[in-house]
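Chains as they are written, first to last, in this note's numbering: chain D, 35 to 361; chain U, 2 to 182. Ideal Cβ positions, reconstructed from N, Cα and C, are used throughout, including at glycine.
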Amino acid sequence: MPRDRDRGEEFARPIRRLLVALLVLACLALFLVWRIDSPRVERVRAQVVDAVVPRLDWMMAPVTGLAQLAGDFRSYQRIHEQNLELRRELQQMMVWREAALRLEQENAKLRDLNNVSLDPQLTYITGTVMADSGSPFRQSVLLNVGGRDGLIDGWPTMDGIGLEGRISGVGQTTSRVILLTDTSSRIPVVVQPSGQKAILTGDNSAYPLLDFLEDRDAVRPGDRVVTAGDGQLFPADLFVGRVAQGTDGRLRLRLAADYERLEFVRVLRSRMVEAIADPGGLIVPVTGIEPPPPEEAPDLIGPPLPPGFLVGTSAAPATPPEGVPSD
Amino acid sequence: MIEARPPKTQPWSARITYLALAFVLLAAALLPLNTVPRSYGTPDILLGVTAAWAARRPDTLPILVIAGVFLLADFLFQRPPGLYAALVLLMTERLRRRSTRLRKGSFPGEWLAVSLGIAAVGLANHLILSLLATPQAAIRFTLVQIILTIALYPVITGVAHMALGLRRPAQGEVDALGHKL
Numbered sequence: 035m036p037r038d039r040d041r042g043e044e045f046a047r048p049i050r051r052l053l054v055a056l057l058v059l060a061c062l063a064l065f066l067v068w069r070i071d072s073p074r075v076e077r078v079r080a081q082v083v084d085a086v087v088p089r090l091d092w093m094m095a096p097v098t099g100l101a102q103l104a105g106d107f108r109s110y111q112r113i114h115e116q117n118l119e120l121r122r123e124l125q126q127m128m129v130w131r132e133a134a135l136r137l138e139q140e141n142a143k144l145r146d147l148n149n150v151s152l153d154p155q156l157t158y159i160t161g162t163v164m165a166d167s168g169s170p171f172r173q174s175v176l177l178n179v180g181g182r183d184g185l186i187d188g189w190p191t192m193d194g195i196g197l198e199g200r201i202s203g204v205g206q207t208t209s210r211v212i213l214l215t216d217t218s219s220r221i222p223v224v225v226q227p228s229g230q231k232a233i234l235t236g237d238n239s240a241y242p243l244l245d246f247l248e249d250r251d252a253v254r255p256g257d258r259v260v261t262a263g264d265g266q267l268f269p270a271d272l273f274v275g276r277v278a279q280g281t282d283g284r285l286r287l288r289l290a291a292d293y294e295r296l297e298f299v300r301v302l303r304s305r306m307v308e309a310i311a312d313p314g315g316l317i318v319p320v321t322g323i324e325p326p327p328p329e330e331a332p333d334l335i336g337p338p339l340p341p342g343f344l345v346g347t348s349a350a351p352a353t354p355p356e357g358v359p360s361d
Numbered sequence: 002m003i004e005a006r007p008p009k010t011q012p013w014s015a016r017i018t019y020l021a022l023a024f025v026l027l028a029a030a031l032l033p034l035n036t037v038p039r040s041y042g043t044p045d046i047l048l049g050v051t052a053a054w055a056a057r058r059p060d061t062l063p064i065l066v067i068a069g070v071f072l073l074a075d076f077l078f079q080r081p082p083g084l085y086a087a088l089v090l091l092m093t094e095r096l097r098r099r100s101t102r103l104r105k106g107s108f109p110g111e112w113l114a115v116s117l118g119i120a121a122v123g124l125a126n127h128l129i130l131s132l133l134a135t136p137q138a139a140i141r142f143t144l145v146q147i148i149l150t151i152a153l154y155p156v157i158t159g160v161a162h163m164a165l166g167l168r169r170p171a172q173g174e175v176d177a178l179g180h181k182l
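Below is the structure:
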């Protein structure tokens, strides 16, 4: 009894217990709502992040700057080795440059022959990285561009060289990029010389998996991998990386984008994104369950043939249903 | 002559200390220093700090503050919102109920109780997410995170004791208004 702290507030304890139970239930309810109707709660999340993170910038920017300064300073210490290394690399690069010049001329000639024009509608916005996901289980970064700059959910992001991820969650002034290494990232890709299609599956490691390959033998380490442009997700032919074989024998991807130091990120204005507005309904075929009534085949005698047997055209075209979340 | 000093930790200052610490830890985790996936889990220092507060000075840790801090963390860290917060609330309530008994015992007893709580939170979180088929990282990350957080607990309490004055109240200690702690 003497250690009973709130003797005088005996009446308050059941109320407190009730408050605790209500709070826990409210949290669990929020979690369930998120699991059921994720897009709406994710929009709330984007707004929360939008309200909080830019206000932390005054504190985070100097600390980040100092840490990067320290990193740079460490790299000065081994400047001599780096110098030698660079000379060696420069020599190799001279060889490559010759090769590149030759290829460029050849390429220009071929382009001229083919009358190819690159997609002029693929413009981009550049943002800087404000924060990362803050958790070892999630791979994403927060950019300082948002709905104010016209960003839309689903746009691809690159650094100068390769694909990095996609926009998922747009606030007024911030937006989140889910990196290709995140466990929820799935991107349709094409392996270049063989034309094999695959799904690039993030698994929280630095080298995402190459899944659903049709013919594994046609793919070898070192092959170029670009986006496929399937599923109305990304424009085709964005460079993603090169195939590598993991120690477990599975095919993985060495990403072309430099994840070591994501600082400036290009957001491509893709024209083919699909807005995710609802949690997604059942996936049912929208057209053509009923095959067209088979024409009477007076010449044939016997049991009626199954529909679609006579003419190849009566099979319903597999149109993707609308409103299915693409991720 | 030694004058009678008021107890070192006033409830309000301890509350503000906790909030400031939580704020700093949240911001520190968000610093964009490492965007390459790590092959290990990192300790959840915020959870360790909260457990230390709940085990030592539960009177300075209002439940609304815990709920607010962890919901914000859920939103900022891309975790499924609400689940982790609910589990942490359950853990702190358990520690709070046991805090008077823990106070009389030794530090290993407190460490054990807190370790059980931290492990339960991590494993329950992983289990529920797998049951609901939410995409998540492999379980070894969760295990490493639990072990590191537990291993860091003495460090956290040590630092909190020295720097922030978070200590277990002595038997019969009273606060400024004469209430028993």
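Given a cut-off of 8 Å on the beta-carbon distance, is the pair Arg58 of chain U and Leu165 of chain U in contact?
Here residue 58 of chain U refers to the residue found at position 57 of the second sequence. Here residue 165 of chain U refers to the residue found at position 164 of the second sequence. Contact flag unset, no.
Say whether the region 116 to 130 of chain U touches the region 17 to 30 of chain U, bearing in mind that this needs 3 or more beta-carbon pairs closer than 8 Å, one atom from each stretch.
With a cut-off of 8 Å, the region 17 to 30 of chain U and the region 116 to 130 of chain U do not count as touching, because too few Cβ pairs lie within range.
Are the CB atoms of Phe71 of chain U and Val50 of chain U nearer to each other than 8 Å?
Here residue 71 of chain U refers to the residue found at position 70 of the second sequence. Here residue 50 of chain U refers to the residue found at position 49 of the second sequence. In this structure, Val50 of chain U does not lie closer than 8 Å to Phe71 of chain U by Cβ.
Shortest alpha-carbon distance to Ala114 of chain U belongs to which of U:Pro38, U:Ala53, U:Arg39, U:Ile46?
Locating residue 114 of chain U in the second sequence gives position 113, counting from the first residue. Closest by alpha carbon: U:Ala53.
Which of helix, strand or coil does DSSP assign to Pro222 of chain D?
For the purposes of this step, residue 222 of chain D is taken as residue 188 along the first sequence, with counting starting at 1. Looking at Pro222 of chain D - three-state DSSP - the assignment turns out to be strand.
DSSP state of Val345 of chain D, grouped into three classes?
To locate residue 345 of chain D, count along the first sequence from 1; it is residue 311. Because the pLDDT at Val345 of chain D is just 46, under 50, the model does not fix this residue reliably, and the value given afterwards should be weighed accordingly. In the structure shown, Val345 of chain D sits in coil (DSSP, three-state: anything other than H, G, I, E or B).
What is the rounded straight-line gap between the Cα of Leu214 of chain D and the Cα of Leu103 of chain U?
Position 180 of the first sequence, counted from the start, is the residue given in the question as residue 214 of chain D. Position 102 of the second sequence, counted from the start, is the residue given in the question as residue 103 of chain U. For Leu214 of chain D and Leu103 of chain U, the distance between alpha carbons rounds to 46 Å.
Report all residues from its chain with a CB closer than 7 Å to the CB of Leu244 of chain D; omit the five preceding and five following residues, and keep chain order.
Here residue 244 of chain D refers to the residue found at position 210 when the first sequence is read from its first residue. Ala232, Leu234, Val277, Leu285, Arg286, Leu287.
If you compare alpha carbons, which of D:Leu156, D:Ile159, D:Ala104, D:Gln279 is closest to Arg254 of chain D?
Position 220 of the first sequence, counted from the start, is the residue given in the question as residue 254 of chain D. Here the closest residue by C-alpha is D:Gln279.
For Trp68 of chain D, count neighbouring C-beta atoms within 10 Å of its own C-beta (all shown protein chains included) and say buried if the count is 16 or more, exposed if not.
Here residue 68 of chain D refers to the residue found at position 34 of the first sequence. Answer is buried; the Cβ neighbour count reaches 16.
Tell me whether Ala55 of chain U is buried or exposed, calling it buried when 16 or more other Cβ atoms sit within 10 Å of its Cβ.
Taking the first residue of the second sequence as position 1, residue 55 of chain U is located at position 54. It is buried - the Cβ of Ala55 of chain U has at least 16 other Cβ atoms within 10 Å.
For Ile129 of chain U and Gly181 of chain D, I'd like the C-alpha separation in whole angstroms.
Taking the first residue of the second sequence as 1, we reach residue 129 of chain U at position 128. Taking the first residue of the first sequence as 1, we reach residue 181 of chain D at position 147. Each residue's Cα considered, the two are about 34 Å apart.
With a cut-off of 8 Å, do at least 3 Cβ pairs link the region 56 to 63 of chain D to the region 84 to 100 of chain U?
Touching, per the Cβ criterion.
Please tell me whether Asn178 of chain D has its Cβ less than 8 Å away from any Cβ of chain U.
If you number the first sequence from 1, residue 178 of chain D lands on position 144. Closer than 8 Å: no.
Classify Tyr110 of chain D: buried if its beta carbon has 16 or more other beta carbons within 10 angstroms, exposed otherwise.
Position 76 of the first sequence holds residue 110 of chain D. With fewer than 16 Cβ atoms within 10 Å of its Cβ, Tyr110 of chain D is classed as exposed.
Using DSSP's beta-bridge definition, name the partner residues of Asp245 of chain D.
Here the question's residue 245 of chain D lines up with position 211 in the first sequence. Per DSSP, D:Ile233.
List the endpoints of the continuous alpha helix (DSSP H) containing Leu62 of chain D.
Position 28 of the first sequence, counting from 1, holds the residue named residue 62 of chain D. From DSSP, the alpha helix (DSSP H) with Leu62 of chain D extends over 46 to 70.
Contact criterion: CB-CB distance below 8 Å. Does Leu90 of chain U meet it with respect to chain D?
By 1-based counting over the second sequence, the position of residue 90 of chain U is 89. Taking Cβ atoms only, chain D reaches closer than 8 Å to Leu90 of chain U, which makes this a yes.
Among U:Leu31, U:Val25, U:Trp13, U:Tyr41, which one has its Cα closest to the Cα of Thr150 of chain U?
The sequence position of residue 150 of chain U within the second sequence is 149, counting from 1. Of U:Leu31, U:Val25, U:Trp13, U:Tyr41, the residue nearest in Cα terms is U:Tyr41.
Using a Cβ-Cβ cut-off of 8 Å, state whether Arg57 of chain U counts as contacting chain D.
On the second sequence, position 56 is the one that residue 57 of chain U refers to. Not an interface residue.
Would you decide whether Pro190 of chain U is buried or exposed? Buried here means 16 or more other CB atoms lie within 10 Å of its CB.
For residue 190 of chain U there is no data in the structure shown, the boundaries of chain U being 2 and 182.
Is the shortest distance between the beta-carbon of Tyr172 of chain D and the beta-carbons of chain U less than 8 Å?
Counted from its first residue, the first sequence places residue 172 of chain D at position 138. At residue 172 of chain D the sequence reads Arg, which differs from the Tyr that was named. It does: the Cβ of Arg172 of chain D has a partner Cβ on chain U nearer than 8 Å.
Determine which residues share a DSSP beta bridge with Leu287 of chain D and list them.
Here residue 287 of chain D refers to the residue found at position 253 when the first sequence is read from its first residue. For Leu287 of chain D, which the question treats as bridged, DSSP gives the partners D:Val277.
Per DSSP, which one or two residues make a beta bridge with Asp197 of chain D?
Residue mapping note: residue 197 of chain D aligns to position 163 of the first sequence, counting from 1. What sits at residue 197 of chain D in the sequence shown is Leu, not Asp. Leu197 of chain D is bridged to D:Met192.
How would you call Ala331 of chain D, buried or exposed, if buried means at least 16 neighbouring beta carbons within 10 angstroms?
Counting from one through the first sequence, the residue named residue 331 of chain D turns up at place 297. Confidence at Ala331 of chain D is low in this model, with a pLDDT of 49, below 50, so the placement of that residue should be treated as unreliable; the coordinate-derived value is given next. Ala331 of chain D comes out exposed.
Taking only the alpha-carbon atoms, compute the straight-line gap between Ser131 of chain U and Leu135 of chain D and give it to the nearest angstrom.
As a working note, residue 131 of chain U is residue 130 in the second sequence. As a working note, residue 135 of chain D is residue 101 in the first sequence. Between Ser131 of chain U and Leu135 of chain D, the C-alpha separation is close to 53 Å.
Check distances from the C-beta atoms of the region 21 to 44 of chain U to those of chain D and list, in chain order, the residues that come in under 9 Å.
Going along the region 21 to 44 of chain U in chain order, one finds Phe24, Val25, Leu27, Ala28, Ala29, Ala30, Leu31, Leu32, Pro33, Leu34, Asn35, Thr36, Val37, Pro38, Arg39, Ser40, Tyr41, Gly42, Thr43 with a Cβ nearer than 9 Å to chain D.
Let me see if you follow: with CB-CB separation under 8 Å, is Val25 of chain D close to chain U or not?
With chain D represented from 35 up to 361, any question about residue 25 of chain D goes unanswered, as that position is not in the structure.
Output, in chain order, the set of chain D residues within a Cβ distance shorter than 7 Å of Ala86 of chain U.
By one-based count along the second sequence, residue 86 of chain U stands at place 85. What Ala86 of chain U touches in chain D: Cys61.
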